[in-house]
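Novice:
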Amino acid sequence: MKLVDRELEKKSTTTGVDEYERLTKIGQGTFGEVFKVRHKMTKKHYALKRLKMEQETEGFPITALREIRILSSLNHENIVCLRGICHKKNNPSSNYRYEFYLLFDFCDHDLAGLLSHKLLSPAN
Numbered sequence: 001m002k003l004v005d006r007e008l009e010k011k012s013t014t015t016g017v018d019e020y021e022r023l024t025k026i027g028q029g030t031f032g033e034v035f036k037v038r039h040k041m042t043k044k045h046y047a048l049k050r051l052k053m054e055q056e057t058e059g060f061p062i063t064a065l066r067e068i069r070i071l072s073s074l075n076h077e078n079i080v081c082l083r084g085i086c087h088k089k090n091n092p093s094s095n096y097r098y099e100f101y102l103l104f105d106f107c108d109h110d111l112a113g114l115l116s117h118k119l120l121s122p123a124n
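Below you can see the structure in the form of structure tokens.
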């Protein structure tokens, strides 16, 4: 069994990205872009990270596998929780059959933003 299949199997379910309504783009980086989304049925907000696959020549990104493995094993009040893995079928002309997304609890701020805020002290 491939490593990506084993990691996906560890999560209780994978869901389709169509279950979420995309609200705004909240970030972008080397390995993906992040959107604030709302679950269509529960109306709960989440952060949905689309994994960039365009530059991958070896298959599923090893950085994403590491992130999934580490976040799946962590349970701490100060670390955002990985809620699941979502997928969406790509169009037939794509090199990949699916787009993959990581679903996180939504946080109003990120660590870098909080650390740069002048009114916060290190104790907070």
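All the letters of the sequence shown, read from the start, carry residue numbers 1 to 124 under UniProt numbering.
Idealized CB from N, CA, C, for every residue including glycine.
In this text the structure is predicted, and so the values were computed from the model without any measurement.
1) Tell me, please, whether the stretch 42 to 52 touches the stretch 97 to 107 by the rule of three or more beta-carbon pairs shorter than 8 angstroms.
2) I'd like to check one pair, Glu-19 with Lys-44: are the Cβ atoms closer than 8 angstroms?
3) From which residue to which residue does the beta strand (DSSP E) around Arg-50 run?
4) Would Ile-62 count as contacting chain D if we go by Cβ distances under 8 angstroms?
5) For the beta strand (DSSP E) containing Thr-24, list its first residue and its last residue.
6) Which residue marks the beginning of the beta strand (DSSP E) containing Arg-97, and which one marks its end?
Specialist: So, from the listed chains and residues:
1) As far as the Cβ criterion goes, the stretch 42 to 52 touches the stretch 97 to 107, which means the pair count is three or higher.
2) No, these two residues do not count as a Cβ contact at 8 angstroms.
3) Counting along the chain, the beta strand (DSSP E) containing Arg-50 begins and ends at 45 to 51.
4) You won't find chain D in this structure, because it holds only one protein chain.
5) Counting along the chain, the beta strand (DSSP E) containing Thr-24 begins and ends at 20 to 28.
6) Segment: none, Arg-97 is in no beta strand (DSSP E) and carries neither H nor E.
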